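Have a look at the structure below before the remarks.
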Amino acid sequence: MSAIPSTASEIAAAVIAKRITARAVIDDYLSRIDARESEIHAFNLVMAQDARAQADAIDADIVAGRPVGPLAGVPIAIKDNMCTHGVETTCSSKILEGWKPPYDATVITRLRTAGAVIIGKTNMDEFAMGSSTENSAFGSTRNPCDVSRVPGGSSGGSAAAVAAGFSPVSLGSDTGGSIRQPAAMCGVVGVKPTYGVVSRYGLVAYASSLDQIGPFATTVADAALLTEVIGGHDPMDSTSIPLASPSLLPSVSQGVSGMRIGRVTDLPAGAEPEVVAQLNEAFAALEAAGATIVDITLPSLSYALTAYYLIAPAEASSNLARFDGVRFGLRVNAADTNSMYGATRAAGFGDEVKRRIMLGTYALSAGYYDAYYGKALKVRRLIAQDFERAYEQVDAILTPTSPVVAFKFGDKVDDPMSMYLCDIYTIPTNLAGHPAMSVPFGTGAHGLPVGIQVLAPALGEQAMFRVGGALEVAAGGAQ
Ligand code: GLN
Numbered sequence: 012m013s014a015i016p017s018t019a020s021e022i023a024a025a026v027i028a029k030r031i032t033a034r035a036v037i038d039d040y041l042s043r044i045d046a047r048e049s050e051i052h053a054f055n056l057v058m059a060q061d062a063r064a065q066a067d068a069i070d071a072d073i074v075a076g077r078p079v080g081p082l083a084g085v086p087i088a089i090k091d092n093m094c095t096h097g098v099e100t101t102c103s104s105k106i107l108e109g110w111k112p113p114y115d116a117t118v119i120t121r122l123r124t125a126g127a128v129i130i131g132k133t134n135m136d137e138f139a140m141g142s143s144t145e146n147s148a149f150g151s152t153r154n155p156c157d158v159s160r161v162p163g164g165s166s167g168g169s170a171a172a173v174a175a176g177f178s179p180v181s182l183g184s185d186t187g188g189s190i191r192q193p194a195a196m197c198g199v200v201g202v203k204p205t206y207g208v209v210s211r212y213g214l215v216a217y218a219s220s221l222d223q224i225g226p227f228a229t230t231v232a233d234a235a236l237l238t239e240v241i242g243g244h245d246p247m248d249s250t251s252i253p254l255a256s257p258s259l260l261p262s263v264s265q266g267v268s269g270m271r272i273g274r275v276t277d278l279p280a281g282a283e284p285e286v287v288a289q290l291n292e293a294f295a296a297l298e299a300a301g302a303t304i305v306d307i308t309l310p311s312l313s314y315a316l317t318a319y320y321l322i323a324p325a326e327a328s329s330n331l332a333r334f335d336g337v338r339f340g341l342r343v344n345a346a347d348t349n350s351m352y353g354a355t356r357a358a359g360f361g362d363e364v365k366r367r368i369m370l371g372t373y374a375l376s377a378g379y380y381d382a383y384y385g386k387a388l389k390v391r392r393l394i395a396q397d398f399e400r401a402y403e404q405v406d407a408i409l410t411p412t413s414p415v416v417a418f419k420f421g422d423k424v425d426d427p428m429s430m431y432l433c434d435i436y437t438i439p440t441n442l443a444g445h446p447a448m449s450v451p452f453g454t455g456a457h458g459l460p461v462g463i464q465v466l467a468p469a470l471g472e473q474a475m476f477r478v479g480g481a482l483e484v485a486a487g488g489a490q
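In this text, residue positions in the sequence shown follow the numbering used here: the first is 12, and each later residue adds one.
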């Protein structure tokens, strides 16, 4: 038996070639979790027994000569807002504690079909609202690069799981940056596909016009492989694009020769100098690899954060109305039904979730709808038009992923505005519905990881992965 490889594609290849068993792989990853999870707290639930049974089933298929998928025996951690049949799905909220979905999300079904082994459910900011995973009702996750710091959020547990070596890959959800920002802060790859490429059936909704599921990985190729597996049309999600999953792996090693890469000259300020330095290095590396750097402007970008913090809470206030003590999770009994709703929601939701519900309800209320929500929708349109104009000149755009490297616990919890500013560079893509990824690219302040963000037009995943692959090579990574 050879040593356990570290990437998903190598694990699957070794399992399929019978060089290792899926059971040996899962045992190895479970022992890594045992060794360090009490320090990191990446998981809300480690599914050790279930994972071993899944791995044994894959091994039995291989011994019997039955076909197995491209992720055969690959452990994967799942953000705790994706439904797993019979397995608690909490969104890191007290209101859902104990709730076991009666069905699998489409991404889970696709992963299982591909032979992946679900190893656990990861911690997150409650209902995916946050940028540090400090809003979890079940305690914070620590950044494996420096445990005195946050892993980013809201998919902090999924990012930390991959960074800590608890699983080679994981899934997160990204409504305003929740895959890319924690990926950047933990030094791993994170991808938000085009809105509609990955089915959201079985993803507990935060803001439905923005939410998208995507992978975390240690290499760009693994992120491409995962996106291929979970992508493609799903009739169960009415926003799913009726196209087959894109072929992405060949793009990763294609290089950027001849590509035009946009540099945003009016990018909102605020990035740390070390982050800006890494961005400049990234441009230089792409130019050296044969790309042309083109200056572009995106004038509406400075309004993106404001528009997002009206649109996302507005949609959340409606989506979260279903958590009322009747159908899911927690119920606090009271004298009559209305008081029961109130008592359940007061006890079940954390402060940030309540803040968003109130903001959203206000933005949608009669008399304010046009001034707030309506106006935000117009800004959203302007941002999409800015990108349309830019993509007439360039194939992809580079920005920092996060303006800052991972910060210390407690640094921003009492200042929602400074927390919201963490998403200033990731939010515009969600508003436009475009794909974006974060690739680790050197280090910034305190020697902490910096992520560079690659943006591409809708369904431009192939261009995005070409750039991502080139950045990874320039940063000294896979190839
Ligand atoms: N941090 C942003 C928010 O709090 C984005 C979260 C996300 O993408 N789910 O809304």
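Glycine included, every Cβ here is placed at the ideal spot set by N, Cα and C.
Note that the structure is a prediction, hence the values are computed from the model and not measured.
Exposed unless 16 or more other CB atoms sit within 10 angstroms - verdict on V74: Counting from one through the sequence shown, the residue named residue 74 turns up at place 63. It counts as exposed.
Buried or exposed (CB count within 10 angstroms, at least 16 for buried), H445: Residue mapping note: residue 445 aligns to position 434 of the sequence shown, counting from 1. Looking at its Cβ environment, which holds 16 or more other Cβ atoms inside 10 Å, H445 is buried.
V231 and V200 closer than 7 angstroms at C-beta: Taking the sequence shown and counting its residues from 1, the one referred to as residue 231 is at position 220. Taking the sequence shown and counting its residues from 1, the one referred to as residue 200 is at position 189. Closer than 7 angstroms, so yes.
Residue range of the alpha helix (DSSP H) that includes M369: The count along the sequence shown starts at 1 and reaches residue 369 at position 358. That run of the alpha helix (DSSP H) goes D362 to L375.
Nonlocal neighbours in the same chain, by C-beta distance under 6 angstroms from T32, ignoring five residues either side: What you label residue 32 is simply residue 21 of the sequence shown in a count that begins at 1. Correct list, in chain order: D70.
Assigned secondary structure, N154 (DSSP; H/G/I helix, E/B strand, else coil): If you number the sequence shown from 1, residue 154 lands on position 143. Residue state, collapsed to three classes: strand.
Nearest-angstrom Cα separation, counted from T250 out to G359: Your numbering for residue 359 matches position 348 in the sequence shown. Your numbering for residue 250 matches position 239 in the sequence shown. C-alpha separation (whole angstroms): 30 angstroms.
Bridge partners - G273, DSSP secondary structure assignment: Counted from its first residue, the sequence shown places residue 273 at position 262. DSSP lists V305 and I408 as partners of G273.
Cβ-heavy atom distance, T186 to the ligand GLN, below 6 angstroms: As a working mapping, residue 186 is identified with position 175 in the sequence shown. It does: the Cβ of T186 is within 6 angstroms (strictly closer) of some heavy atom of the ligand GLN.
Contact test: G141 Cβ vs the ligand GLN heavy atom, cutoff 6 angstroms: One-based indexing of the sequence shown puts residue 141 at position 130. True, at least one ligand heavy atom lies under 6 angstroms from that Cβ.
Of the residues M135, N134 and T120, the one placed nearest V128, counting alpha carbons only: To locate residue 128, count along the sequence shown from 1; it is residue 117. Per the Cα distances, T120.
Whole-angstrom distance between L82 and R47, CA atom to CA atom: Taking the first residue of the sequence shown as position 1, residue 47 is located at position 36. Taking the first residue of the sequence shown as position 1, residue 82 is located at position 71. Rounded to whole angstroms, R47 to L82 spans 25 angstroms at the Cα level.
Which of helix, strand or coil DSSP assigns to S249: The residue you call residue 249 lines up with position 238 of the sequence shown. In the structure shown, S249 sits in coil (DSSP, three-state: anything other than H, G, I, E or B).
L442 versus S210, E472 and T205, residue with shortest Cα-Cα distance: On the sequence shown, position 431 is the one that residue 442 refers to. That would be T205, whose Cα lies nearest to the Cα of L442.
M448 and G479 closer than 7 angstroms at C-beta: Here residue 448 refers to the residue found at position 437 when the sequence shown is read from its first residue. Here residue 479 refers to the residue found at position 468 when the sequence shown is read from its first residue. Against a cut-off of 7 angstroms, the Cβ pair of G479 and M448 comes out as a contact.
Any non-hydrogen atom of the ligand GLN within 6 angstroms of D70 CB: Reading the sequence shown from its first residue, position 59 is the one you call residue 70. Flag unset: Cβ of D70 not near the ligand GLN.
From G301, T410, G213 and V209, residue whose alpha carbon lies closest to that of A282: Here residue 282 corresponds to residue number 271 of the sequence shown, with the count starting at 1. Considering only alpha carbons, the answer is T410.
Cβ contact (3+ pairs, closer than 8 angstroms) linking the region 424-438 and the region 313-325: yes
Whether L321 touches Y384 by CB criterion (7 angstroms): In the sequence shown, residue 321 corresponds to position 310, counting from 1. In the sequence shown, residue 384 corresponds to position 373, counting from 1. Yes, they are a contact pair.
Presumed contact (8 angstroms Cβ cut-off) between L375 and A325, rounded CB distance: Position 364 of the sequence shown, counted from the first residue, corresponds to residue 375. Position 314 of the sequence shown, counted from the first residue, corresponds to residue 325. That pair is a contact at about 5 angstroms.
Pairwise C-alpha distance: A354 and D38: By 1-based counting over the sequence shown, the position of residue 38 is 27. By 1-based counting over the sequence shown, the position of residue 354 is 343. Spanning the two alpha carbons is a distance of roughly 43 angstroms.
Contact belief for G336 with Y352 at Cβ below 8 angstroms, rounded distance in angstroms: Working through the sequence shown from its first residue, we reach residue 336 at position 325. Working through the sequence shown from its first residue, we reach residue 352 at position 341. 6 angstroms between Cβ atoms; contact.
Bridge-paired residues (DSSP) for I129: Your numbering for residue 129 matches position 118 in the sequence shown. Bridge partners of I129: I87.
Start-to-end residues for the beta strand (DSSP E) that takes in M58: By 1-based counting over the sequence shown, the position of residue 58 is 47. Note, M58: premise wrong, no beta strand (DSSP E); not H, not E.
Residues near V267 by beta carbon distance below 7 angstroms, same chain, minus five either side: What you label residue 267 is simply residue 256 of the sequence shown in a count that begins at 1. For V267, where only same-chain residues beyond five positions count, the Cβ hits under 7 angstroms are L297, A300, G301, A302, R477, V478 and A481.
Distance, C197 Cα to E145 Cα: Taking the first residue of the sequence shown as position 1, residue 145 is located at position 134. Taking the first residue of the sequence shown as position 1, residue 197 is located at position 186. If you take the alpha carbons of E145 and C197, they lie about 15 angstroms apart.
Which residues DSSP lists as bridging V98, in chain order: Here the question's residue 98 lines up with position 87 in the sequence shown. Note: V98 sits in a beta bridge opposite T95.
Same chain only: Cβ atoms within 6 angstroms of R271, ignoring 5 sequence neighbours per side: Within the sequence shown, numbered from 1, the residue matching residue 271 stands at position 260. Counting only Cβ-Cβ distances below 6 angstroms, and skipping sequence neighbours, we find T303, V305, V405 and D406.
Buried or exposed (CB count within 10 angstroms, at least 16 for buried), T124: In the sequence shown, counting from the first residue as 1, residue 124 sits at position 113. When all chains shown are included, T124 counts as exposed.
Contact test: D434 Cβ vs the ligand GLN heavy atom, cutoff 6 angstroms: As a first step, residue 434 is located in the sequence shown; it is residue number 423 there, counting from the start. Because some heavy atom of the ligand GLN lies under 6 angstroms away, the Cβ of D434 counts as near it: yes.
Extent of the continuous beta strand (DSSP E) to which I224 belongs: One-based indexing of the sequence shown puts residue 224 at position 213. Element bounds for I224: Q223 to A228.
At least three beta-carbon pairs within less than 8 angstroms, the region 48-61 to the region 168-180: yes
R160 - partner residues in DSSP beta bridges: As a first step, residue 160 must be located in the sequence shown, where it is residue number 149. DSSP, once it has assigned bridges, lists K419 as partnering R160.
Alpha-carbon to alpha-carbon, G163 and A327: Your numbering for residue 327 matches position 316 in the sequence shown. Your numbering for residue 163 matches position 152 in the sequence shown. Cα-Cα distance, rounded: 21 angstroms.
Distance CB(T152)-CB(G141) smaller than 7 angstroms: The residue you call residue 152 lines up with position 141 of the sequence shown. The residue you call residue 141 lines up with position 130 of the sequence shown. Not in contact: T152 and G141 (Cβ atoms no closer than 7 angstroms).
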